[in-house]
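Number of protein chains: 2
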Amino acid sequence: MKRKITLKQIAKELDVSISTVSKSLRNSLEIGEETRLKVQAFAKFYNYKPNNIALSLKNRKTKSIGIIIPEIVHYFFSTVINGIEQVANEHGYSVVICVSDDSFDKEVLNMEMLANGSIDGFIMSLSKETQFKGDFHHITEVINQGMPVVMFDRVTNDILCDKVIIDDKAAAYEAVQSLIDSGRKKIALVTTVDYVSVGKLRTDGYEKALLDNGLPFNEDLIIKIEDVNTCEITISQLLHDRAFDAVFAVNELFAVTIIKTANKMGLKVPEDLAVIAFTDGIISKYSTPTITTVSQSGEKMGNKAAKMLIERIEAEEDDDEEHNENYITEVIETHLIKRESTD
Amino acid sequence: MKRKITLKQIAKELDVSISTVSKSLRNSLEIGEETRLKVQAFAKFYNYKPNNIALSLKNRKTKSIGIIIPEIVHYFFSTVINGIEQVANEHGYSVVICVSDDSFDKEVLNMEMLANGSIDGFIMSLSKETQFKGDFHHITEVINQGMPVVMFDRVTNDILCDKVIIDDKAAAYEAVQSLIDSGRKKIALVTTVDYVSVGKLRTDGYEKALLDNGLPFNEDLIIKIEDVNTCEITISQLLHDRAFDAVFAVNELFAVTIIKTANKMGLKVPEDLAVIAFTDGIISKYSTPTITTVSQSGEKMGNKAAKMLIERIEAEEDDDEEHNENYITEVIETHLIKRESTD
DNA sequence: TTGCTTTACGAAAACGTGGTAGTGTTGAAA
DNA sequence: TTTCAACACTACCACGTTTTCGTAAAGCAA
Chain C
51 MKRKITLKQI
61 AKELDVSIST
71 VSKSLRNSLE
81 IGEETRLKVQ
91 AFAKFYNYKP
101 NNIALSLKNR
111 KTKSIGIIIP
121 EIVHYFFSTV
131 INGIEQVANE
141 HGYSVVICVS
151 DDSFDKEVLN
161 MEMLANGSID
171 GFIMSLSKET
181 QFKGDFHHIT
191 EVINQGMPVV
201 MFDRVTNDIL
211 CDKVIIDDKA
221 AAYEAVQSLI
231 DSGRKKIALV
241 TTVDYVSVGK
251 LRTDGYEKAL
261 LDNGLPFNED
271 LIIKIEDVNT
281 CEITISQLLH
291 DRAFDAVFAV
301 NELFAVTIIK
311 TANKMGLKVP
321 EDLAVIAFTD
331 GIISKYSTPT
341 ITTVSQSGEK
351 MGNKAAKMLI
361 ERIEAEEDDD
371 EEHNENYITE
381 VIETHLIKRE
391 STD
Chain B
51 MKRKITLKQI
61 AKELDVSIST
71 VSKSLRNSLE
81 IGEETRLKVQ
91 AFAKFYNYKP
101 NNIALSLKNR
111 KTKSIGIIIP
121 EIVHYFFSTV
131 INGIEQVANE
141 HGYSVVICVS
151 DDSFDKEVLN
161 MEMLANGSID
171 GFIMSLSKET
181 QFKGDFHHIT
191 EVINQGMPVV
201 MFDRVTNDIL
211 CDKVIIDDKA
221 AAYEAVQSLI
231 DSGRKKIALV
241 TTVDYVSVGK
251 LRTDGYEKAL
261 LDNGLPFNED
271 LIIKIEDVNT
281 CEITISQLLH
291 DRAFDAVFAV
301 NELFAVTIIK
311 TANKMGLKVP
321 EDLAVIAFTD
331 GIISKYSTPT
341 ITTVSQSGEK
351 MGNKAAKMLI
361 ERIEAEEDDD
371 EEHNENYITE
381 VIETHLIKRE
391 STD
């Protein structure tokens with residue numbers, strides 16, 4: 051077991067100075083050819099690689115970016131990570147991932163842990179609890195320290211930074227409109243609790259689509275679910291009353307649960323009940339029937355977010371203390387993927 | 051925008067030496083109370099936090115662990131990451147994630163990138179290509195440098211290190227046995243190509259269960275699939291011939307595809323065809339019918355792997371250059387989760 | 001020989017930290 | 001008065017790099 055070799059050890063072994071070794075390896079003309087080649091050969095033999103940590107300290111750049119997300123066992127978030135990782139890798143960056151578990155405290159802790167020099171910038175999606183509390187001091191702090199932050203999906207207007215989102219309202223509008231176009235009149239919305247930003251926006255789009263089509267906006271048809279386990283009971287109640295003939299669910303887990311509940315009650319999808327889900331995940335593709343969804347390319351979001359962050363990071367290098375704050379919000383396109391759960 | 055404050059800056063500002071500041075903050079008795087409190091107040095005000103990079107360099111410990119996996123948009127792997135992250139977080143470690151994309155080159159590149167001081171140890175699952183090539187020099191190299199490595203799920207006997215696996219053979223045996231117990235005679239195995247270690251082991255278990263029960267082992271009933279898209283065609287052909295009445299699939303994607311194919315052909319699951327899948331994922335829970343699976347707790351594997359790695363890392367600190375090489379292989383328990391796809 | 005330029009290398013600082021060893025002052029005991 | 005300990009703090013080193021500056025030796029012209 052030989053620990054990794056350092057410049058110092060090479061220098062000692064070859065009886066030259068550290069600087070000579072360093073320069074030889076970077077092919078500096080300052081060093082005579084003989085010495086240079088000797089050093090290079092030696093370094094190659096011992097498989098010398100510069101120590102990243104030392105480089106980070108010197109350059110004040112870690113070449114790694116931090117990702118803070120609410121969950122990782124989650125189709126959408128893992129596609130985003132995938133997207134980030136691709137771009138990061140292309141640019142020689144590593145990604146450090148922290149899971150907030152939708153907890154405010156964990157989010158803060160994780161950010162503090164990474165903010166002390168471990169990374170060059172953050173890409174994050176807010177935890178539910180953070181959105182609920184509306185407390186973003188940890189993010190402000192990081193930004194004030196000059197560390198770039200890009201938020202995606204679950205964002206907030208209270209923080210000025212680059213953002214990557216989808217037009218949740220428009221996407222919801224489009225989905226509901228398509229249900230209306232196929233003749234549905236009583237469309238339910240199954241959503242999360244209000245403080246999750248995207249839930250709110252999707253609700254807005256739902257409402258607008260109804261009103262624009264002269265349909266009544268009925269509060270009773272908005273079903274707010276905190277936990278997917280309580281979903282079934284609520285749904286079956288309403289289905290029993292035949293209160294709606296179509297449903298727009300803000301995620302595919304809700305959607306598949308609704309379909310299963312409907313099936314149990316002898317209702318057929320899509321004949322008796324049309325279903326559209328937000329977020330195109332793996333369940334929608336493989337459930338029976340397959341589910342019509344609003345696609346929301348996590349990979350694209352990740353790509354874009356990583357590009358924006360790296361651009362910021364590398365811009366800072368040049369301008370040095372001169373970062374211009376014209377933050378941009380990128381909107382990723384969505385489209386409706388029609389499958390069997392609608393007609 | 052104020053950059054993070056350092057000991058040096060505090061020292062300068064308060065006109066004391068850097069050591070005084072450092073000691074004051076660590077509550078050393080060497081420093082008089084007055085100075086100590088003054089420094090602490092100042093540090094608190096400017097929100098001083100020691101720089102992680104400098105600490106890493108000094109301590110030769112990064113407090114982060116590297117994860118190399120073939121895919122991230124993958125239920126099993128993401129649960130493993132989740133498990134690792136939990137334990138890592140508890141112990142004050144961060145996780146750096148690299149995706150090999152099942153490519154040998156990427157795996158090597160990623161490992162090299164992280165091995166130069168960025169992390170204290172690896173947790174990894176081999177890429178398909180690496181298993182195919184049988185080239186593990188990059189791993190040996192890392193281990194020789196004294197960096198602990200824990201492999202999980204897709205492992206190899208050619209590398210000596212700690213491992214976390216499930217007993218693929220026994221689990222497959224159990225699944226097939228349960229199909230036999232329910233009266234099935236013609237059981238097909240839908241698996242991946244041979245070089246993936248787990249695929250091989252599961253095949254072995256399948257074969258043993260058949261032979262132990264006096265059933266013929268028929269090569270024709272082993273369906274090797276490289277790409278899930280080709281699955282449907284092959285399957286429908288065999289189903290058409292009524293060649294089998296039960297199927298054991300090595301992953302849930304294969305299983306759900308088989309069920310859908312069977313349904314299209316008018317076959318009923320489980321009446322006409324019983325299905326068991328390896329790896330309990332989200333699809334099995336939500337497909338129709340829900341799928342009986344061999345649960346393989348990724349989270350537990352992640353927990354265990356992280357614990358083993360951190361133990362190694364922190365053992366090295368003490369023994370220093372004295373690591374004992376009695377590597378262990380931890381076998382995580384599996385069990386059959388019976389759902390609707392079997393009777 | 002003197003003075004100047006090249007060549008080829010070395011010393012040292014810097015990045016931020018933390019521990020060990022050292023230093024100077026004060027007060028009290030011998 | 002001398003000596004010694006306690007106190008309060010500073011100096012210095014190491015971690016591994018890169019880079020700037022310095023300089024000795026050699027070569028060359030005058």
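In order, the protein sequence lines correspond to chains C and B.
Heads up, the first sequence is in our numbering, so the first residue is 51 and it goes up one at a time.
Heads up, the second sequence is in our numbering, so the first residue is 51 and it goes up one at a time.
Every residue, glycine too, gets a C-beta built ideally from N, C-alpha and C.
As the structure is a prediction and not an experimental result, all values here were calculated from the model.
Neighbourhood of residue i by C-beta distance below 8 angstroms, restricted to the same chain and skipping five residues each side
{"i": "B/Ile209", "result": "Phe186, Ile189, Thr190, Ile193, Val199, Met201"}
{"i": "C/Glu63", "result": "Phe92"}
{"i": "B/Glu372", "result": "Residue confidence is low: B/Glu372 scores 49 on pLDDT, short of 50, so the model does not pin down where it sits. Its coordinate-derived value is still stated next. Excluding sequence neighbours, B/Glu372 sits near nothing in its chain."}
{"i": "B/Ile134", "result": "Ile115, Ile117, Val145, Ile173, Gly352, Asn353, Ala355, Ala356"}
DSSP-derived helix/strand/coil call for residue i
{"i": "B/Glu371", "result": "Its pLDDT being 46, under 50, B/Glu371 is placed unreliably in this model, and the value from its coordinates should be taken loosely. Residue state, collapsed to three classes: coil."}
{"i": "B/Phe154", "result": "helix"}
{"i": "C/Gln346", "result": "strand"}
{"i": "C/Glu364", "result": "helix"}
{"i": "B/Lys314", "result": "helix"}
{"i": "B/Asp218", "result": "helix"}
{"i": "B/Val325", "result": "strand"}
{"i": "C/Glu224", "result": "helix"}
{"i": "C/Met201", "result": "strand"}
{"i": "B/Lys354", "result": "helix"}
{"i": "B/Glu383", "result": "coil"}
{"i": "B/Lys54", "result": "coil"}
{"i": "C/Ile213", "result": "The displayed chain sequence assigns Lys, not Ile, to residue 213 of chain C. In this structure, C/Lys213 counts as strand in the three-state DSSP scheme."}
{"i": "C/Ser337", "result": "coil"}
{"i": "C/Glu390", "result": "coil"}
{"i": "C/Ile60", "result": "helix"}
{"i": "C/Ile332", "result": "helix"}
Closer than 9 angstroms to chain C by CB, residue i
{"i": "B/Cys281", "result": "no"}
{"i": "B/Arg37", "result": "The displayed coordinates of chain B run from 51 to 393. Any statement about residue 37 of chain B would go beyond what the structure contains."}
{"i": "B/Ser407", "result": "With chain B covering only 51 through 393, there is no way to say anything about residue 407 of chain B."}
{"i": "B/Ala356", "result": "no"}
{"i": "B/Met174", "result": "no"}
{"i": "B/Leu303", "result": "yes"}
{"i": "B/Thr180", "result": "no"}
{"i": "B/Glu157", "result": "no"}
{"i": "B/Pro120", "result": "no"}
{"i": "B/Gln59", "result": "no"}
CB contact check: residue i to chain B, cutoff 9 angstroms
{"i": "C/Ser391", "result": "no"}
{"i": "C/Leu107", "result": "yes"}
{"i": "C/Ala104", "result": "yes"}
{"i": "C/His124", "result": "yes"}
{"i": "C/Ile333", "result": "yes"}
{"i": "C/Leu164", "result": "yes"}
{"i": "C/Gly167", "result": "yes"}
{"i": "C/Tyr377", "result": "no"}
Cutoff 6 angstroms; reference residue i; Cβ partners in own chain excluding five residues on either side
{"i": "B/Ala221", "result": "Val344, Thr384"}
{"i": "B/Thr379", "result": "Lys213"}
{"i": "C/Tyr96", "result": "Ile55"}
{"i": "B/Glu276", "result": "Val243"}
{"i": "C/Gly31", "result": "Outside the displayed range of chain C (51 to 393) lies residue 31 of chain C, so it cannot be described from this structure."}
Chain-order list of residues whose beta-carbon lies under 7 angstroms from that of residue i (same chain, five-residue window excluded)
{"i": "C/Leu289", "result": "Thr311, Ala312, Met315, Leu317"}
{"i": "C/Gln136", "result": "Asn353"}
{"i": "C/Ser72", "result": "Leu57"}
{"i": "B/Thr85", "result": "Val66, Thr70, Ser74"}
{"i": "B/Lys183", "result": "Phe154"}
{"i": "C/Lys111", "result": "Asp170"}
**Request:** Tell me the start and end of each unbroken alpha helix (DSSP H) in the segment 69 to 138 of chain C that is at least 4 residues and wholly inside, in chain order.
**Result:** 83 to 95, 102 to 109
**Item:** Contained beta strand (DSSP E) runs [length at least 3] in the segment 229 to 309 of chain C, N- to C-terminal order
**Value:** 237 to 241, 272 to 274, 296 to 299
**Asked** In chain order, which beta strand (DSSP E) runs of at least 3 residues are fully inside the segment 142 to 194 of chain B?
**Response** 144 to 149, 171 to 174
**the segment 128 to 142 of chain C / the segment 161 to 172 of chain C touching (three or more Cβ pairs under 8 angstroms)** = no
**Message:** Measuring CB atoms only, is the segment 146 to 159 of chain C touching the segment 85 to 101 of chain C, in the sense that at least three cross pairs come out at less than 8 angstroms?
**Reply:** no
**Message:** For the segment 296 to 311 of chain C against the segment 324 to 334 of chain C, do three or more pairs of beta-carbon atoms, one drawn from each stretch, fall closer than 8 angstroms, so that the two count as touching?
**Reply:** yes
**Message:** For the pair the segment 232 to 251 of chain B and the segment 277 to 294 of chain B, tell me if three or more CB-CB distances fall below 8 angstroms.
**Reply:** yes
**Item:** At least three beta-carbon pairs within less than 8 angstroms, the segment 245 to 255 of chain C to the segment 215 to 230 of chain C
**Value:** yes
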